[in-house]
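For reference, the structure discussed in these notes is given below.
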Amino acid sequence: MKKIGIFYGSSTGTTQGIAETIASKLGVPASDVIDVSKMNADMVKEYEALLLGTSTWGDGELQDDWYNGVKVLKESDLKEKTIALFGCGDSESYCDTFCDGMGIIYEDIKDSGCTIIGKVSAEDYSFSSSIAVIDGMFVGLALDDINESDKTEERIDAWVNDIKNHLA
Numbered sequence: 001m002k003k004i005g006i007f008y009g010s011s012t013g014t015t016q017g018i019a020e021t022i023a024s025k026l027g028v029p030a031s032d033v034i035d036v037s038k039m040n041a042d043m044v045k046e047y048e049a050l051l052l053g054t055s056t057w058g059d060g061e062l063q064d065d066w067y068n069g070v071k072v073l074k075e076s077d078l079k080e081k082t083i084a085l086f087g088c089g090d091s092e093s094y095c096d097t098f099c100d101g102m103g104i105i106y107e108d109i110k111d112s113g114c115t116i117i118g119k120v121s122a123e124d125y126s127f128s129s130s131i132a133v134i135d136g137m138f139v140g141l142a143l144d145d146i147n148e149s150d151k152t153e154e155r156i157d158a159w160v161n162d163i164k165n166h167l168a
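When the letters of the sequence shown are read in order and numbered with full-length UniProt numbering, they come out as residues 1 to 168.
Below is the structure:
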């Protein structure tokens, strides 16, 4: 399996918990699950695959620690990297910006030469708009652990099973 680094931005702990769950299901050591506020170019270089997780804040804003994280990614060579995204949002209170943070990261890295994996159909979600959806697919795993927590585990399992082959 490729050497995987899971980087997350989490203000309330939800995205961190999701990152740790994903790591456990993929067999990624806890030492490779890293708060994005600590991410630097040397760390990015160390991994063949990057799993990037963020929550969405306010009116579709990126989680605060990701502003510098995106800068680090843009300054890094991502050409040989496999990248998967996961995002947390609130599909009821912020139905018009659901998981937009994940969409922001996607927009910033999509032309970097990396291989982005792990798109998820938007069919089983209730929301009105998201920049993280392209042609009916989320650019990564979208989760609403507030209103749809009963679907979180199943969604993570399906996503992990989907991306495993690309991480071999």
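Beta carbons: idealized from backbone N, C-alpha and C, even for Gly.
Annotation for Tyr106: the continuous alpha helix (DSSP H) segment containing it runs 100–109. Restricting attention to Thr97, Lys25, Val44, Gly69, the CA atom closest to the CA of Thr56 is found in Thr97. Gly69: member of the alpha helix (DSSP H) spanning 66–75, first to last residue. DSSP lists Cys88 as the bridge partner or partners of Ser55. Distance between Ala30 and Val36, taken at the CA atoms: about 14 Å. Only exposed fits Asp157, as fewer than 16 other CB atoms lie within 10 angstroms of its CB. Looking at the backbone, the Cα of Asp111 and that of Leu78 are separated by about 10 Å. When the Cα atoms are used, Ala19 and Ile116 turn out to be separated by approximately 18 Å.
Beta-bridge partners assigned by DSSP to Gly9: Thr54. It is roughly 16 Å from the alpha-carbon of Ile83 to the alpha-carbon of Glu75.
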